[in-house]
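Encoded as structure tokens, the structure appears first; notes follow it.
2 protein chains.
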Amino acid sequence: MDSAACALCCPARAAHLPMLIDSLTHPTPDALLTFLRAQLHARVTLHLAGEVEVLYAGRATSMAEAGDRLLLLKPDGSLQVHGPRGVKPVNWQPRTDHLSAELEDGCVVLHAERRSPAEVVRVRVIGCAQVTALHLGDEALFLLQGSEAQMQAALARTPDLIEPGLSVLNRELLVGVGGIDLYARDAQGRFVVVELKRGKAGHEAVHQLARYVQAVREQVPGTVRGILAAPDITVPALKVAQAAGLEYVKVEALPQVPEEALQPTLF
Amino acid sequence: MDSAACALCCPARAAHLPMLIDSLTHPTPDALLTFLRAQLHARVTLHLAGEVEVLYAGRATSMAEAGDRLLLLKPDGSLQVHGPRGVKPVNWQPRTDHLSAELEDGCVVLHAERRSPAEVVRVRVIGCAQVTALHLGDEALFLLQGSEAQMQAALARTPDLIEPGLSVLNRELLVGVGGIDLYARDAQGRFVVVELKRGKAGHEAVHQLARYVQAVREQVPGTVRGILAAPDITVPALKVAQAAGLEYVKVEALPQVPEEALQPTLF
DNA sequence: TTTTAGATATCGCGA
DNA sequence: TCGCGATGTCTAAAA
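Protein chains in written order, with my numbering: chain B, 1 to 267; chain S, 1001 to 1267.
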């Protein structure tokens, strides 16, 4: 591999913007090791394209034979190894307590460890086509519309959307294990437990609601109603709800923040 | 931005290995558009570092203001936009039915759509520091040890690991909603419902077991035991289990596939 | 296509 | 740190 020559003859090192810090093409193992050691603990993001083997041991154990992969190392210590398909990495480590690069048998080996849970990912770089160090800067402003938290806030403001005459007593009320999304009282003065789902509700949501309703019934006298509020529900879940004496109310997921309002700002 | 000159003077285009197809540093929007259009539908993996804005609309709606990001486009049509932290992308599209690159107001804009669910991700590239086209080849051999399926198979072979005298009648027995991991009979001839968890079991697992046990009790006469088999359990979950008359049995997660057996193959 | 259950889920919050 | 629940969860398998 005539990689040192390449790295020297065409180094894309001129960083016109502060973002691109350094980049090597087809480096030798030695050059790669020097590069990694210089950048690893420098709050930079590294991506590396090359042929690698990966070994993971922790909650489970996995091994991947040599293959073309894309590595991503972020300044928070997270590591991911991507293959040719899917959003999910082939191997990963969400957070590393210890990260190091060594030379073993002529190959650079990355070692990413974390405790709690005790896990280790070892990446052996057999060949490196390109490695780049970037400064990704701080997190940019990010807005998400349509989360369950926003749905909860909207319905807490206008509980009539669930049922006329409903008045909210609490949000995120802790009752034993877990929290009740909305705790309310209906027009007849009965207590109502409301479980929200931002998407289609499955039977797990019904069971969750059932647990909360039972917990409340053990603590307060009188009738306690349970309402599952979601934009949709699976057929089996609806049957389970009806059998358990729980109600389903269809509510729209998004309080319509229109594209027109977002579009001009961004594009 | 004198990017065209840079792309021409130091193009890391010489692909010493078949993996690296092409790479540009600080391309102009026009050069980037040409590059993307040439590579987008060519079964290659693209990664792009630059300043981008992202707009997502679908199950929810999100917008990210301009920031330094790393884009990853795989040949299966998946797209992900990474920020400086975490394994999870800031924005993504697991699968695209339509992918295109356009020039809008002097900026390259990527458009990734999918139907079912109807979702769209728009990425506006304000500045591109580096873009690379790679051939990641086929998926390499990958082995994972320690899945719940493997645990179930192991315990079905040797149910004595759960309790001496236990004999397995069924695996994945369907009973109403959901399936019983292991259905067995103990030394006294009582029916036993076993729920497995490969990691630490929470109270959800206990409730899941309780549902199955109740379903079985409605169908067969006599005593029905419920056993939660997992390598660990949370304290609240254990209390709930004891209160419900359900048992917890500690089982090791991995049937000992030793590092010694894996290590020599890989390293 | 719909539904379910698993995942090395990840991530963030609250006690 | 642990426990818990949401996630644009993703993903594969089964009905």
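A virtual CB, placed ideally from N, CA and C, is assigned to each residue, including glycine.
It should be emphasised that the depicted structure is a prediction, and the values quoted were computed from it without experimental measurement.
* Within the same chain, show all residues whose beta-carbon is closer than 8 Å to that of S:A1057, passing over the 5 residues directly before and after it, in chain order. => E1119 and V1120, listed in sequence order.
* Asked: What in chain B is Cβ-close to S:P1029, meaning under 7 Å?
  -> Proximity of chain B to S:P1029 at the Cβ level (cut-off 7 Å) is not reached, the minimal Cβ distance being about 14 Å.
* Asked: Should the stretch 1215-1224 of chain S be regarded as contacting the stretch 1174-1188 of chain S, the criterion being three or more beta carbon pairs within less than 8 Å?
  -> As far as the Cβ criterion goes, the stretch 1215-1224 of chain S touches the stretch 1174-1188 of chain S, which means the pair count is three or higher.
* Ordered along the chain, which non-local residues of its own chain (more than five positions away) have a Cβ less than 6 Å from that of B:H203? -> So the qualifying residues of the chain are P236, A237 and V240.
* To do: Name, please, each residue of chain S whose Cβ falls closer than 8 Å to the Cβ of B:E139.
  => Within 8 Å Cβ-Cβ: G1067, G1083, P1084 and R1085.
* Asked: Whole-angstrom Cβ separation of S:K1074 and S:T1045, contact assumed at under 8 Å?
  -> Rounded, the Cβ-Cβ distance is 5 Å, consistent with contact.
* Mind pulling the chain B residues with CB within less than 7 Å of S:R1217? -> None at all; the shortest Cβ gap to chain B is about 16 Å.
* Looking at the structure shown, is S:Q1188 part of a helix, part of a strand, or coil, going by DSSP? -> DSSP places S:Q1188 in coil when its eight states are reduced to three.
* Asked: Based on the DSSP secondary-structure assignment, which residues constitute the bridge partners of S:D1022?
  -> Its beta-bridge partners are S:A1133.
* Asked: Would S:Q1093 pass as a contact of B:T61 if the rule is Cβ separation under 7 Å?
  -> Taking 7 Å as the Cβ cut-off, S:Q1093 and B:T61 do not qualify as a contacting pair.
* Taking only the alpha-carbon atoms, compute the straight-line gap between B:E247 and S:A1244 and give it to the nearest angstrom. => For B:E247 and S:A1244, the distance between alpha carbons rounds to 26 Å.
* In the DSSP assignment, find the unbroken beta strand (DSSP E) run with S:A1066 in it and report its ends. => First-last of the beta strand (DSSP E) with S:A1066: T1061 to L1073.
* Using a beta-carbon distance below 7 Å, is S:D1232 in contact with chain B? -> No, S:D1232 lies away from the interface with chain B (no Cβ there is under 7 Å from its Cβ).
* Buried versus exposed call for B:G165 [16 or more other C-beta atoms within 10 Å across all chains shown] -> The residue in question, B:G165, is exposed, as its Cβ has fewer than 16 Cβ neighbours within 10 Å.
* Asked: Beta-carbon separation of B:I227 and B:V249 under 7 Å?
  -> Yes, they are a contact pair.
* To do: Check B:V216 in the structure and name its three-state DSSP category.
  => Under the three-state reduction of DSSP output, B:V216 falls in the helix class.
* Asked: Does the stretch 1149-1159 of chain S come close enough to the stretch 1034-1048 of chain S that 3 or more CB-CB pairs lie under 8 Å?
  -> Counting Cβ pairs under 8 Å, fewer than three are found: no touch.
* C-beta contact flag for B:L141 and B:M19 at 7 Å -> The answer is no: Cβ separation not under 7 Å.
* Asked: If S:D1186 sits next to S:V1193, beta carbons under 8 Å apart, how far is it from one beta carbon to the other, in whole angstroms?
  -> The pair is not a contact, with the Cβ atoms about 11 Å apart (cut-off 8 Å).
* **Where S:H1041 falls: helix, strand or coil (DSSP)** => DSSP places S:H1041 outside both helix and strand once states are collapsed to three, so it counts as coil.
* To do: Determine whether the Cβ of B:A7 lies closer than 7 Å to any Cβ atom of chain S.
  => Low local confidence applies: a pLDDT of 38 at B:A7 is under 50, so the model's placement there is unreliable, and no value is given.
* Asked: Are B:A153 and B:L196 close, meaning C-beta to C-beta below 7 Å?
  -> Not a contact, by the Cβ cut-off of 7 Å.
* To do: Can you tell me which of S:E1163, S:D1232, S:L1099 and S:L1072 puts its alpha carbon nearest to the alpha carbon of S:R1198?
  => Of the candidates S:E1163, S:D1232, S:L1099 and S:L1072, the residue whose Cα lies closest to the Cα of S:R1198 is S:D1232.
* Asked: Does any CB atom of chain S fall closer than 7 Å to the CB of B:P75?
  -> Closer than 7 Å to some Cβ of chain S, the Cβ of B:P75 qualifies, so yes.
* Are S:H1041 and S:T1132 touching if we call contact CB-CB under 7 Å? -> No; because the gap between Cβ atoms is not below 7 Å, this pair is not in contact.
* Which chain S residues are close to B:F142, counting only those with a beta carbon under 8 Å from its beta carbon? -> Chain S residues near B:F142: S1062, M1063, A1064, E1065 and V1090.
* Asked: Can you tell me whether DSSP reads S:A1253 as helix, strand or coil?
  -> DSSP, read as helix, strand or coil, puts S:A1253 in coil.
* Taking 7 Å as the CB-CB cut-off, is S:M1151 touching chain B? -> Answer no: the Cβ-Cβ gap between S:M1151 and chain B never drops below 7 Å.
* Asked: Under a three-way DSSP split, which group does B:L182 fall into?
  -> DSSP places B:L182 in strand when its eight states are reduced to three.
* Report back the beta-carbon spacing between B:R59 and B:S78 to the nearest angstrom; my notes put them in contact at under 8 Å. => With a Cβ gap of about 16 Å, B:R59 and B:S78 do not count as contacting.
* Do S:D1068 and B:P137 come within 7 Å of each other at the CB atom, strictly closer than that value? -> Before going further, note that residue 137 of chain B is Gly rather than Pro in the sequence given. The answer is yes: Cβ separation under 7 Å.
* Asked: Given that B:V177 touches chain S, what residues does it touch there, using C-beta distances under 8 Å?
  -> Residues of chain S passing the Cβ test: H1203, P1236 and V1240.
* Contacting residues, own chain, Cβ-Cβ under 8 Å from S:V1090 (five flanking each side not counted) -> Listed in chain order, the non-local C-beta contacts of S:V1090 below 8 Å within the same chain comprise V1054, A1064, R1069, V1081, H1082 and G1083, local neighbours out to five positions each way being set aside.
* Asked: Between B:S3 and S:R1085, what straight-line distance do the alpha-carbon atoms span, to the nearest angstrom?
  -> Low local confidence applies: a pLDDT of 40 at B:S3 is under 50, so the model's placement there is unreliable, and no value is given.
* **Closer than 7 Å to chain B by CB, S:Q1080** => Contacts with chain B at 7 Å (Cβ-Cβ) include S:Q1080.
* To do: Rank S:H1098, S:Q1130, S:L1103 and S:I1126 by C-alpha distance to the C-alpha of S:S1116 and give the top, closest one.
  => Among S:H1098, S:Q1130, S:L1103 and S:I1126, the Cα nearest to that of S:S1116 is on S:H1098.
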